[in-house]
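So the sequences go chain by chain: A and B.
Each residue of the first sequence is one higher than the last, beginning at 7 in the numbering used here.
Each residue of the second sequence is one higher than the last, beginning at 940 in the numbering used here.
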Amino acid sequence: MPNYEIKKEIRLIGTGASPGICIGKAYLVDKEGVDIVEKYFISRKNLDSEIKRFKVAVKIATDELRAIIENAPEDVRQHTGILETHVALLKDKMLYDKTIETIKNERVNAEWALKKVVSGIKTLFQDISDSYLKERSDDITHVSDRIMRFLIGTEKINIGEIDKRVILVAKDLSPADASQIQLDKVMGFLTDHGGRTSHTSIIARTLEVPAVLGLGNATQIINNDDGLIIDGTTGIVILHATDQTLSEYKELKARFEEHKAFLSRGCHLKAETLDGLSLQIMGNIELPEEVVSVLDHGGDGIGLYRTEFQYLARNEFPGEDELFDKYKDVVEVMSQRPVTIRTLDINGDKAVANSSGSDEANPALGLRAIRYCLKRPDIFRTQLRAILRAAAFGNVRILIPMISSLDEIRETKKLLNEAADSLEKEGKAYNKNIQFGIMIEVPSAVIMADVMAQETDFFSIGTNDLIQYTLAIDRGNREVANLYHPFHPAILRMIKHVTDVGKEKGIKVFMCGEMAGDPFNIPLLLGLGIDELSMNPQSIPAVKNMIRSLKVEDARHFINEALKQTTTMDVIKLVEASFGDMLGQT
Amino acid sequence: MNKEYYNFSKSVIITNELGLHARAAAKIAKLAMQAEEIIWIIKDSEKVDASSIIDILTLGCSKGTIITFTTDNESDLNILNDIVMLVEKGFGE
Chain A
7 MPNYEIKKEI RLIGTGASPG ICIGKAYLVD KEGVDIVEKY FISRKNLDSE IKRFKVAVKI
67 ATDELRAIIE NAPEDVRQHT GILETHVALL KDKMLYDKTI ETIKNERVNA EWALKKVVSG
127 IKTLFQDISD SYLKERSDDI THVSDRIMRF LIGTEKINIG EIDKRVILVA KDLSPADASQ
187 IQLDKVMGFL TDHGGRTSHT SIIARTLEVP AVLGLGNATQ IINNDDGLII DGTTGIVILH
247 ATDQTLSEYK ELKARFEEHK AFLSRGCHLK AETLDGLSLQ IMGNIELPEE VVSVLDHGGD
307 GIGLYRTEFQ YLARNEFPGE DELFDKYKDV VEVMSQRPVT IRTLDINGDK AVANSSGSDE
367 ANPALGLRAI RYCLKRPDIF RTQLRAILRA AAFGNVRILI PMISSLDEIR ETKKLLNEAA
427 DSLEKEGKAY NKNIQFGIMI EVPSAVIMAD VMAQETDFFS IGTNDLIQYT LAIDRGNREV
487 ANLYHPFHPA ILRMIKHVTD VGKEKGIKVF MCGEMAGDPF NIPLLLGLGI DELSMNPQSI
547 PAVKNMIRSL KVEDARHFIN EALKQTTTMD VIKLVEASFG DMLGQT
Chain B
940 MNKEYYNFSK SVIITNELGL HARAAAKIAK LAMQAEEIIW IIKDSEKVDA SSIIDILTLG
1000 CSKGTIITFT TDNESDLNIL NDIVMLVEKG FGE
């Protein structure tokens, strides 16, 4: 009896690592086959040719890696540093010489010898206490897998040679694998491991292919040529989709692409209103690698470079040179475009100790950001010196978070000057003529804006915290989250006060909170007179498009009306009534 | 089994933040490969060949670790000194 098996639709949920939708057939890049290694003995007279076989495999692996490095597209070339080290590892005594020795002494096949040597090396790594160094054994896995592929030779897993349009399904893709992806062959990919901040996902976003990572066991569920839908925006992967689901997603995909194409056509144009006012549209970043995305989406600079990442999930504080390297990377890529580096915005002790539990009853009102930095000048100094040194390479602004009083500005400036003096004494290259700005995110800073303005070069309004502190609402608390809205009249009045002070005192007012990245808010922000908006890189095209369809004069009239409204709902209704048509289009 | 004394040795403290990571180890190994005889790295009771990246990595040297480079061969002394300098400078990171 024929087996008419109707496969049920299966939905898997992972981390949406790179937005977009793709529909296609699965192509498994399975490393499982490599793990199963046969053992057989080699006769004495064949030993030399077995050794030669191993040497040839290493040679091909080396050539292949070199080719990957050379052929890497411009935008991923900055990630190839580690591949150079992999080339050196291929010939490392412990791996290369030892494997040859093992073949000779134990008279076993090259695959078995290599496997034995590698597992020997891995046990040595198990005793290492430093987690970063311990993970370096992954480098050895990547390298030995590469040799093993050529030894086994059967299924050549070369992503560069895939000859049909597929969706890659893998346990994990190394940055080397990901950088080989050819856009005309690979529609998207999904993996069992990895997360949003892994290098692989950054490469996916750079290449703009939809990707879902961290699915757990996708490689066990999905077979070659299975029909797949990947939604990289929501992190949903659908296997054996029903016709109905399929047509739904086809529709979604078409809409997504049409919209993206429409926006990206205009994303490199200036953000200039119909009556000729142009705004700077900047990107928020967390990792140096995201710079590429800001430029690709038409960003005019970095409006917020969050620096917490280097302090998270590790045992010790990052050193000056490490921070300097990261900052310099960003600054150099942006060349003369501004890079706004925000100093540490968390409690560093907790971040470095990696303890999620807090002994502060109310951490949002506790020892964090500038308060923490001023209490730990040793930690702060390291960062300030790194920023000043990076400033020698481009256009750097420094941004201080959570300022609530003038004393904090003065103290910070004192430390900044001391840092500059110490660099001067040591004869290191630095630049202390940088713009000094503060985050406006605590209500006291709003009230004191006129005073603060006299000792700062710019303000940057952090709307997320400003709303939280002004309305006394924790957005993470479901009971009250619905009360959180940037259109609360109190928030509009506060922003108005800050921009008025900015005009009066002649300093620029920027905005880098979530409020800046939503096209819906743009008429208000334009009317309020914000000079520069900074947002997630992906939001830049839509915001630029919105600005280009508005007149600043209309926005100014409109804001006067908006400020007369007395409830959040009234403001929302007014925006919808005045700009609803326009918003519908974007 | 381990030889206890060497003609030449120098101790140094690891100063770069990430410790002896892959790229740093690769820099040491590149220099050590030019030596006529083996240059050893000693950490506590462990001794490894400085010309092997993997060997160096298995020591798991984080920041602050003290390691000693040794050799018996006087003509490798320059190389040993170069390596020590490299570590002292934090690998130019």
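Glycine residues also receive a C-beta, built at the ideal position from the N, C-alpha and C atoms.
If you're wondering where the values come from, they're calculated on a predicted model, not measured in any experiment.
DSSP places L371 of chain A outside any beta strand (DSSP E), giving it a letter other than H or E. Under a criterion of Cβ atoms nearer than 8 Å, no residue of chain A is adjacent to L1025 of chain B; the nearest Cβ is some 14 Å distant. With respect to chain A, the C-beta atom of L996 of chain B has a partner C-beta closer than 8 Å. In this structure, Y311 of chain A lies near V345 of chain A, with their beta-carbon atoms less than 8 Å apart.
Considering only A:D351, A:D136, A:I74, A:E414, the residue with the shortest C-alpha distance to Q316 of chain A is A:D351. Taken in chain order, the complete alpha helix (DSSP H) segments of 4 or more residues contained in the region 195-256 of chain A are 205-213, 224-227.
Inter-residue distance for K502 of chain A and M454 of chain A is about 14 Å (C-alpha atoms, whole angstroms). Take V336 of chain A, set aside five residues on each side of it, and the residues of its chain with a beta-carbon closer than 7 Å to its own are P294, V297, I308, Y311, V345, in chain order.
Listed along chain B are I993, T997, each with a C-beta nearer than 8 Å to that of I127 of chain A.
In terms of CA proximity to K58 of chain A, A:E117 leads the group A:E117, A:K140, A:G87.
Per the C-alpha coordinates, the member of A:G87, A:T147, A:E76 positioned closest to L101 of chain A is A:T147. In this structure the region 244-251 of chain A does not lie against the region 524-534 of chain A, because fewer than three pairs of beta carbons, one per stretch, are closer than 8 Å. For the region 997-1015 of chain B, residues whose beta-carbon sits nearer than 7 Å to a beta-carbon of chain A comprise T997, G999, S1001, K1002.
At least one CB atom of chain B sits nearer than 8 Å to the CB of E322 of chain A. Listed in chain order, the non-local C-beta contacts of F47 of chain A below 7 Å within the same chain comprise R113, V114, local neighbours out to five positions each way being set aside. Of all alpha-carbon atoms in A:I27, A:R403, A:V402, the one lying nearest the alpha-carbon of A210 of chain A is that of A:I27.
The alpha-carbon of L283 of chain A is positioned some 7 Å away from that of V558 of chain A. Among the CB atoms of chain B, one or more fall inside 8 Å of the CB of Y138 of chain A. In this structure, L269 of chain A places its C-beta atom within 8 Å of the C-beta atom of N551 of chain A.
Each of A:I287, A:D237, A:L329, A:D133 was checked against the Cα of L957 of chain B, and the nearest Cα belongs to A:L329. Chain B has a Cβ within less than 8 Å of the Cβ of D145 of chain A.
Assigned with DSSP and collapsed to three states, N470 of chain A falls in helix.
Linking L196 of chain A to P25 of chain A through their CA atoms gives a straight-line distance of about 12 Å. With 16 or more other Cβ atoms inside 10 Å of its own Cβ, L539 of chain A counts as buried.
Using a CB distance cut-off of 8 Å, A971 of chain B does not count as an interface residue toward chain A. L174 of chain A sits in a strand when the DSSP states are folded into three classes.
The Cβ of E956 of chain B sits closer than 8 Å to at least one Cβ of chain A.
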